[in-house]
Amino acid sequence: MEILTKILLICFSFSGFAIAQKPIAVPQTIVKTLDSLKKQDNLSDWLYTRIDYSYTTPRQSLPFLMNTEKEMWRKPNSTSEKEAWLMLLSNQGYNQMYTGNILNSINCYEQAYNYVVTHKLNVEGIADYVLKPWANNYTRLGDYEKALFIQQKTLDYARKEHNDGLAISVYNNMAISYRSLGDFKKAEECIRLGTEKTNVNAISLVLLDNTLADIYNDKEELDRAEQVIKRNIIRQQKLKPNFETAYWLLSSYITAGDIQQKKQKFADAQNSYNRALTINDQYYKGNRLREKAYTLIQLGKIKLTQKNPVQAIVSFNQALTTFGLTDSVLRFNKERIFGDNRLIDVFYQKSIAYNQIGQDKLALENIQLSLLSADRIRFELADAKTKQRFQSATKDMAERAIAIAFRLLEKTKQHQYAAIVVDIIEQTRARTLLDDIRRNQQQLTLSTKDPLFEQKAKLEQAIAYNEKELLQGTETPNEVEKRNAELKFKLETLEKDLVKRYPSLAINKDISSAKKLLPQLPSNIHFIEFFSGKEYLYVAEIYNNQVKHIKRINNAEQVKKNIFDFVNIYYHHGPAAMMNQPETFFKSSNQIYNTLLKDFNFQKNDKLIIIPDEVIGYLSFDGLITDNKYQPNIAEWPYLIKKLSVSYAFSIQTWVNQSKKRSHPQQNFAGLFITHQNKSKQYIPAVAKEAEAIEKIIDGDFRRDNNAQVKDFFNAFDKAGVLHISTHSYLSGTQKEPTLAFNDAEVFLFELSARKAAPDLVVLSACRTADGVMNNGEGIISLSRGFAAIGTGGTIAGLWNVNDKAASEITANCYTNILQGQKTSTALHLAKLQWLENKQRPVQECLPYYWDALIYMGYDKNIDLKPARNHFINYAQLSALALTAFLGIWFLIKKKSISPASKLKRPMAGC
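Numbering of the sequence shown is given in my numbering, commencing with residue 8 and proceeding in unit increments.
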């Protein structure tokens, strides 16, 4: 308590530290000038007057600058007016960046760039005051791929204009982007190319050396880093200080502080950071907010290292004040938190500080705020790969948050902390997939023929085509990647235009809490959600609309290795290992079951929905052994499937969203069966048998081999309620893209976009269709996940190379069970049991390798299918039709045979 009092007293001593100066009143001289120009209809000078005024006080005059469009009396018409408007947009972007609002700054620069393109303006300096700062903002946001794309455009412009000064600046910024991605080789190459330019001046060398020192620092080459930055500071001290050069010296002192801090020269580091703050105050009146906030955070980190958390918290609070998030007594509104990597850091560091003084509640609160800021950034990222990388980067932070919440749960026994654990797990789980599902569902609700949607579909198809070209290696990769980057850039702008036109398309950026999510779940189903961390595994059980139990498992890395080895040895290399060492397999399987599920109290025939994480996603739970007493008779082994019914989901939120999917308008079946007979792929004779077996059960459109090509697949996807695909599946290219093989071509995961409708159920009777590359924090990027992203309600897919005979029989029985009214997951569950209960089966085929590959992922529901028609009835119907036709023809012939004369001889009615 004394420590908290001390913190508050120190914090209040800084309460005079202004959070954000109020907008100042515009001088009357400016107001009169603007009024006069408006009366003269002089729009150009009116805009430049506003720009010039805001330049002197960028932070305080920001509202005045942003209100310009509202106060305009007309839109720009002439070229000079359009150029003035472009300069206004650029200055809005700069002032937003200056005050630390990176997201709004990006929007302003994007508007400026699009204005140039739309109005075909030929403006000198477009690179310096639009492209460069725009790209730098993406670097600040952590979207380095987008930054590099814009930087490359700027470099192309510099080369075209033979502008060496601009090229040097761009090479420096590209080095920063590559360094941030961990590609130090390319980063150093950019520095070299910059220094080799003929017009390198002193300021350019300062720029390049600052970045080079940062690169060496990240590479842990601290002596080289220190040597470069010292040389750079000496060089700058010889320059005449001014508004521009002061900024580079400020940056150099910050870099020097970072290096000295890492070398544990804390006094030197503090001195360097304080010099940076002095320069900021002297030349910029403290208004370089991001630089100021970063410096304060670094000073706080030094205090943490020195085991002085109280002083550290003071520095972190000063940084938050700099961001404008706190009031005079250091309270702040959670709703005002925005996406910024420095804001992520300051909340995270505050959490560590509170943890050091034993204040777990405050530590948890701050790390949750850090995750919230990270989520704000993620929503602004466009490219899926960038989102996934960012999601992965925040998982360590989430693990720390869960550990604190779990500790509080153990200490207080308060249920709220169990709910917080689930909230944090959900933040790390399939968020990119959730965005895709929501976007798809929202687009389908719009019944419009807006040409923007057609443009969007064409761009997505072109991007998919280029991705395919990259995988197949038919063109020079650099050219394809450059072309694709341009397409993605256009697509992002188009999607923003669509959201402006149709606000309902905006993805809900709120993180649904357990309080909102859990009441939407069925009360009679157990949801088992895993979190796989570096230190611990966590298992959360949700039942009866509340978090029932949280289990923590020690030695996470060893447990994950055991699971990986288990799957790899016994499943990915055929059934031989199970057959040759059945007892070893039995005990290994039971050990994994005990580790993951033993402490949970399930009743016979309970339903479980498993939400896996990381390597657990490669595991099928049905085949786990629940008892440690080994017996030689494989058919009698105590598999989990004999006790419980298991299905899977990507996350609670994706499951809830899939539950809201509208049923496909046509509840029909389409099956594509490719044996690859006489083709380059391995022949699969069992596919033909599978088609025959299903055709006897289900009425639908069955296509085989040459009649089941890629075009037939896409056509069936749009029109079928249930789509069955039986073919080869594998992972392609360095990115391990999930791939389906048809006779004429391949279909990749990324091609499944811009579809008008999606089946309620997709059955992937193919190898490893639930398998794929692992993305830490997002899950397995599989074909099953791809189908979910574009709106499929659920998928049956294979985790390993399926046994042809087992797949054929189990899927056929699954369809029979569906026809009998069972929900999909129950139908599959019963089909697996039917395989095990067949007494005529060779006993080794009761090993889970044979029957346990197929799993159901998604929202479970009843599927309406038509049973196959009985052939005897069909023949009877045909015979009846033939007899009817014969009698009709006979009657017509008979009628014609009656002559007109005979008609006259007939007596008339009534005579």
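Built from N, CA and C at the ideal position, the CB exists for glycine as well.
Asked	Found
DSSP three-state call for residue 326: helix, strand or coil?	helix
I need the DSSP call for residue 880, collapsed to helix, strand or coil.	Because residue 880 sits at a pLDDT of 44, beneath the cut-off of 50, its placement in the model cannot be relied upon, and the following sentence gives the value as read from the coordinates. Correct three-state label for residue 880: helix.
Determine the direct distance from the alpha carbon of residue 538 to that of residue 399, and round the result to whole angstroms.	13 Å
What do you reckon, are the CB atoms on residue 545 and residue 534 nearer than 9 Å?	no
Could you tell me how far apart the beta carbons of residue 252 and residue 210 are, in whole angstroms, since I believe they sit closer than 8 Å?	7 Å
Considering only residues of the same chain and omitting the five flanking positions on each side of residue 492, which have a CB-CB separation below 7 Å?	156
Does DSSP put residue 28 in a helix, a strand or coil?	Bear in mind that the predicted position of residue 28 carries a pLDDT of just 43, short of 50, making it too unreliable to give a figure here.
Along the chain, which unbroken stretches of the alpha helix (DSSP H) at least 4 residues long are found entirely within the region 831 to 856?	831 to 844
Mapping DSSP to helix, strand and coil, what is residue 745?	strand
Of all the options 249, 213, 435, which has the alpha carbon lying nearest to the alpha carbon of residue 237?	213
Check whether the Cβ atoms of residue 717 and residue 694 sit closer than 9 Å, and answer yes or no.	no
With DSSP as the reference, label residue 643 as helix, strand or coil.	helix
Are residue 413 and residue 557 close, meaning C-beta to C-beta below 9 Å?	yes
How big is the Cα-Cα spacing for residue 463 and residue 646?	48 Å
Do the region 660 to 676 and the region 721 to 730 meet, that is, are 3 or more Cβ pairs less than 8 Å apart?	yes
Would DSSP call residue 363 helix, strand or coil?	helix
Straight-line CA distance for residue 819 to residue 616?	23 Å
Decide if residue 81 is buried, meaning its Cβ has at least 16 other Cβ atoms within 10 Å, or exposed.	exposed
Given a cut-off of 9 Å on the beta-carbon distance, is the pair residue 324 and residue 333 in contact?	yes
Using only the alpha-carbon positions, how far apart do residue 831 and residue 337 sit?	54 Å
Where residue 665 and residue 442 are concerned, what is the direct C-alpha to C-alpha distance, given to the nearest angstrom?	12 Å
Within a Cβ cutoff of 7 Å, which residues of the same chain sit near residue 194, ignoring the five residues on either side of it in sequence?	182, 185, 186, 222
Which residues in the same chain as residue 602 place their Cβ atom closer than 7 Å to its Cβ, once the five residues preceding and following it in sequence are excluded?	560, 566
Would you decide whether residue 62 is buried or exposed? Buried here means 16 or more other CB atoms lie within 10 Å of its CB.	exposed
Which whole runs of the beta strand (DSSP E) in the region 496 to 570 are 3 residues long or more, in chain order?	532 to 539, 544 to 550, 553 to 560
Find the nearest neighbour of residue 825 within the set 797, 868, 860, judged by alpha-carbon distance.	868
Tell me the residue span of the alpha helix (DSSP H) that contains residue 736.	Segment 735 to 739 is the beta strand (DSSP E) holding residue 736; no alpha helix (DSSP H) there.
Please state whether DSSP places residue 770 in a helix, a strand or coil.	strand
On the DSSP bridge list, what partners appear for residue 676?	729
With distances taken from CA atoms, which of 654, 168, 870, 600 is nearest residue 614?	654
Expressed to the nearest angstrom, what Euclidean distance is found between the alpha-carbon atoms of residue 57 and residue 65?	11 Å
Can you check the region 282 to 325 for any alpha helix (DSSP H) of at least 4 residues that lies completely inside it and give the ranges in chain order?	296 to 312
Take residue 526 and list the residues in its own chain whose beta-carbon comes closer than 7 Å to its own, dropping the five residues that flank it on each side.	552
Per the DSSP calculation, residue 863 is bridged to which residue(s)?	803
Could you pull the DSSP bridge partners for residue 655 from this structure?	617, 864
Just to confirm my understanding: we take residue 73, look at its own chain, exclude 5 residues before and 5 after, and list those with CB closer than 7 Å. What are they?	99
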